[in-house]
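Numbering (the UniProt record's numbering), first residue to last: 1 to 274.
Printed below as a string of structure tokens:
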């Protein structure tokens with residue numbers, strides 16, 4: 001199948017764009033420029049949580065544009081990288097940005113690289129000639145603004161100082177405050193390429209997503225995170241932790257901090273036997 005056809009085979013109709021923009025509290029930008037991309041990324045990070053609840057609620061993760069957009073817009077949920085950046089890519093394309101998914105491997109303990117297709121990030125071109133940009137709304141606590149892919153010097157962001165460094169085979173390592181975050185493969189991909197990575201992270205006992213619960217988003221002055229029954233709020237660098245006492249408090253936290261109307265608290269489910 002031609003690449004353009006593969007990219008749009010499951011694309012939702014344009015009528016959803018207004019609802020998506022409402023979900024993240026953004027107006028439709030008059031132009032697909034760098035300023036608009038920056039605003040859209042920031043508003044997405046502050047509105048749509050990074051979460052892995054589907055893994056533990058027994059819900060499937062379908063990497064098709066329509067399903068991903070429905071989860072965020074209709075179900076008022078979030079997701080992990082494949083879902084968040086997959087849906088964000090669909091929105092950006094409809095708004096006139098040129099978007100290409102890129103695969104990355106995340107650096108883990110001891111600097112060990114994760115699996116291929118460990119993470120999805122987005123290469124975005126704008127119509128003002130700036131960039132190209134690395135846009136990413138699916139890496140949790142990460143850069144709030146898009147990063148310039150062609151720049152090798154330090155880039156300042158409210159979340160820290162970021163820098164791209166040349167890596168073997170034409171890849172790039174992304175560093176945050178000197179610490180390696182992930183290794184980026186610059187070859188173009190399509191969303192379907194990430195199905196094996198998403199399946200691994202939903203099922204493998206070696207994936208941190210199967211071993212814990214997390215729901216997290218940016219706030220105006222920090223971050224709010226719910227890990228199981230532990231609510232963590234960071235305000236201007238000061239961290240506060242609250243242990244929630246019962247199911248009612250957990251459900252209230254999901255509703256009040258993340259806008260999720262859950263009927264039961266998710267609990268960690270044993271991963272499938274590999």
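The C-beta atom is built at its ideal place from N, Cα and C for all residues, glycine as well.
*Just mark residue 181 as buried or exposed, buried being the case when its beta carbon has 16 or more other beta carbons within 10 Å.*
Buried, because 16 or more other Cβ atoms sit within 10 Å of the Cβ of residue 181.
*Can you give the Cα-Cα distance for residue 274 and residue 79, rounded to whole angstroms?*
Low confidence applies here, because residue 274 scores a pLDDT of 43, under 50, leaving its location unreliable; read the following figure in that light. Straight through space, the alpha carbons of residue 79 and residue 274 are spaced by roughly 23 Å.
*Does DSSP put residue 250 in a helix, a strand or coil?*
Secondary structure at residue 250: helix, using DSSP grouped into helix, strand and coil.
_Please report the distance separating the alpha-carbon of residue 227 from that of residue 212._
Rounded to whole angstroms, residue 227 to residue 212 spans 8 Å at the Cα level.
*By Cβ distance below 6 Å, which residues in the same chain neighbour residue 161 in space, the five residues on each side in sequence not counted?*
Taken in chain order, the residues that qualify are 154, 177.
*For residue 203, which option in 268, 128, 120 has the closest C-alpha, if you only look at C-alpha atoms?*
Ranking the options by Cα distance to residue 203, first place goes to 268.
_Can you look up residue 147 in the DSSP assignment and give me helix, strand or coil?_
In the three-state reduction of the DSSP assignment, residue 147 falls in the strand class.
*Put residue 72 into one of helix, strand or coil per three-state DSSP.*
Of the three classes helix, strand and coil, the one that applies to residue 72 here is helix, per DSSP.
*Between which two residues does the beta strand (DSSP E) containing residue 86 stretch?*
Where residue 86 is concerned, there is no enclosing beta strand (DSSP E), although the alpha helix (DSSP H) it sits in stretches over 81–94.
*asked:* Taking the straight line between their C-alpha atoms, what separation do you get for residue 26 and residue 109?
replied: Roughly 37 Å between the two C-alpha positions.
*Could you say which of 265, 208, 37, 58 lies nearest to residue 147 if we only look at CA atoms?*
For the set 265, 208, 37, 58, the Cα lying nearest the Cα of residue 147 is the one of 37.
*Does DSSP classify residue 5 as helix, strand or coil?*
Residue placement at residue 5 is flagged as unreliable, the pLDDT there being 37, under the threshold of 50; the coordinate-derived value follows with that caveat. Looking at residue 5 - three-state DSSP - the assignment turns out to be helix.
_Boundaries (first-last residue) of the alpha helix (DSSP H) holding residue 203_ = Residue 203: member of the alpha helix (DSSP H) spanning 195–203, first to last residue.
*Count the other C-beta atoms from every protein chain shown that fall within 10 angstroms of the C-beta of residue 51, then say buried if there are 16 or more, exposed otherwise.*
The residue in question, residue 51, is buried, as its Cβ has 16 or more Cβ neighbours within 10 Å.
*Can you tell me which of the three DSSP states residue 107 falls into?*
Here DSSP, grouped into helix, strand and coil, assigns residue 107 to strand.
*Is residue 127 buried or exposed, if buried means 16 or more other CB atoms sit within 10 Å of its CB?*
Under this definition residue 127 is an exposed residue.
_Looking at chain B, is there any beta carbon in it that lies within less than 8 Å of the beta carbon of residue 73?_
No chain B is part of this structure, which consists of one protein chain only.
*asked:* If I follow the unbroken beta strand (DSSP E) through residue 209, where does it start and stop?
replied: Per DSSP, residue 209 belongs to no beta strand (DSSP E); it is in the alpha helix (DSSP H), 208–211.
*asked:* If the criterion is Cβ atoms closer than 8 Å, does the pair residue 131 and residue 32 meet it?
replied: Result no, Cβ atoms of residue 131 and residue 32 do not sit closer than 8 Å.
*Give a yes or no on whether the C-beta atoms belonging to residue 120 and residue 81 are separated by under 8 Å.*
Result yes, Cβ atoms of residue 120 and residue 81 sit closer than 8 Å.
_Under 8 Å between C-beta atoms of residue 102 and residue 122_ = Yes; because the gap between Cβ atoms is below 8 Å, this pair is in contact.
*asked:* Determine whether the beta carbon atoms of residue 164 and residue 125 lie at a separation below 8 Å.
replied: Not closer than 8 Å, so no.
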